[in-house]
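Residue numbers (this note's numbering): 1469 to 1909. All C-beta atoms in this analysis are idealised placements derived from N, C-alpha and C, irrespective of residue type, glycine included. Here the structure is a predicted model, which is why all the values come from computation and not from measurement.
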Ligand code: DLL
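Here you go:
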């Protein structure tokens, strides 16, 4: 029997697999036809591959469709993949972009409703109820974290505290004064809040928090235990990406052995990132998603670049949705630093635009649960003198240019020419010391 307060939408979340796959097939046929009829970019991709909507009769035909990559989304910027009239859209979100071109995702009201349902499912799976006070300290704005969990909390009927990120003293004051019971933020920010509470003399039992919904960046089981101990909560993982909607594409249930993918809205596949071949369940590879009922920004076989494993093993929570493991790294060079997606190409673009040669090294670490982000940059011979006059000002100027492009502040270190070791093969641009903590960067 289905206990309904365990699920936000029990009928969908516990649908028998056969029924679910039938639903997916019906929706896929419609979504492909809709995309083909409304988006020239997809029509061209499909024509190029020699596949028509008539070839897609069920989910078994999914592999016939072409892949879509982040580069396609950039190329089609801003309206090239929009599948409906702009007047039907009610929202835009965006990822951080490379070389100035962001990926923008559009939403109709139905798209927002579906997204918020997915986030409400995540909250309920973690034990959230309408009686909770849900403090949302993911960033609000173009980033989807704030809006997504905010919408999910509303939908559930919890009291929503739209804090956005930062201003930790104020976060703590509201948490204490307004008795927050659910905390939504990146795991590194949760850890930082935990440490600050400790520094301020609070014990875990002094707050009313009981649940944490943490995601948007890789984190480890050790970090989970640390956060749980410091905040006195149970911490749940949540996964998502802007292109598909935002947080809530997948979420953890009480069993916490992977995240259930909302399969009534998204089909997941695992492929070999080199050959594109579809891999069997349980094999590690790149996660690919197809949306099933999006109106404004549908995606067919979108390559996430996240390396992952799927499992259909029965879950004791009763949900039938497939589970994805925590992402185990990326098949591209994207880094996630303090929850923000950063590509080396963005850094290169800023260097070139500001008169530097692209000789640089990015050093990322996690110290006291907060990401550190340093960029070593070589100066050109003609700009360099042994007397470091004006270097600090130059570092500051480059730092602001980086902040404008990336959305976060790196520490810039201008170095003498030729001081960064040259490599004979691929340049080693990224030194990610977080790997020593077991973080899958
Ligand atoms: O990070 C959406 C989100 C917001 C998810 C809040 C969860 C909570 P993007 O900025 O587009 O969207 O970044 C998407 O972040 O492809 C993964 O590489 C990574 N990512 C997201 N969630 C997790 C997670 C949001 N739980 C990219 N664990 C994805 C590890 C994650 N990596």
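For residue 1727, there is no enclosing alpha helix (DSSP H); the enclosing beta strand (DSSP E) has its first and last residue at 1727-1729.
Classified as exposed, residue 1872 has fewer than 16 neighbouring CB atoms from the shown chains inside 10 Å of its CB. By the neighbour-count criterion, in which a residue is buried when 16 or more other Cβ atoms sit within 10 angstroms of its Cβ, residue 1768 is buried.
Of the heavy atoms belonging to ligand 1, at least one sits nearer than 7 angstroms to the Cβ of residue 1685. Secondary structure at residue 1623: helix, using DSSP grouped into helix, strand and coil.
In this structure, ligand 1 has a non-hydrogen atom nearer than 7 angstroms to the beta-carbon of residue 1705. Counting C-beta pairs with one atom in each stretch, the segment 1845-1853 and the segment 1724-1732 have fewer than three that are closer than 8 angstroms, which means they do not touch. When Cβ pairs closer than 8 angstroms are counted between the two stretches, the segment 1627-1635 is seen to touch the segment 1599-1617, the count reaching three or more. Residue 1763 is not a Cβ neighbour of residue 1588, given a cutoff of 8 angstroms. DSSP places residue 1689 within a helical segment (H, G or I) once states are collapsed to three.
Residue 1587 carries a helical assignment under DSSP once its states are collapsed to helix, strand and coil.
In the DSSP assignment, residue 1501 forms no beta bridge with any residue. Annotation for residue 1704: no alpha helix (DSSP H) segment contains it, though the beta strand (DSSP E) segment containing it runs 1702-1709. The alpha-carbon separation between residue 1519 and residue 1496 amounts to approximately 14 angstroms. DSSP, reduced to helix, strand and coil, places residue 1682 within a strand of the structure shown. Looking at the DSSP output, residue 1840 sits in a beta bridge with 1833.
Using a 10 angstroms sphere on the CB of residue 1693, the tally of other CB atoms stays under 16, which defines it as exposed. Secondary structure of residue 1887 (DSSP, three-state): coil. In the structure shown, residue 1650 falls within a strand segment according to DSSP collapsed to helix, strand and coil. Separation of the CB atoms of residue 1829 and residue 1897 is rounded to 6 angstroms, and the pair is thereby assigned contact status at 8 angstroms.
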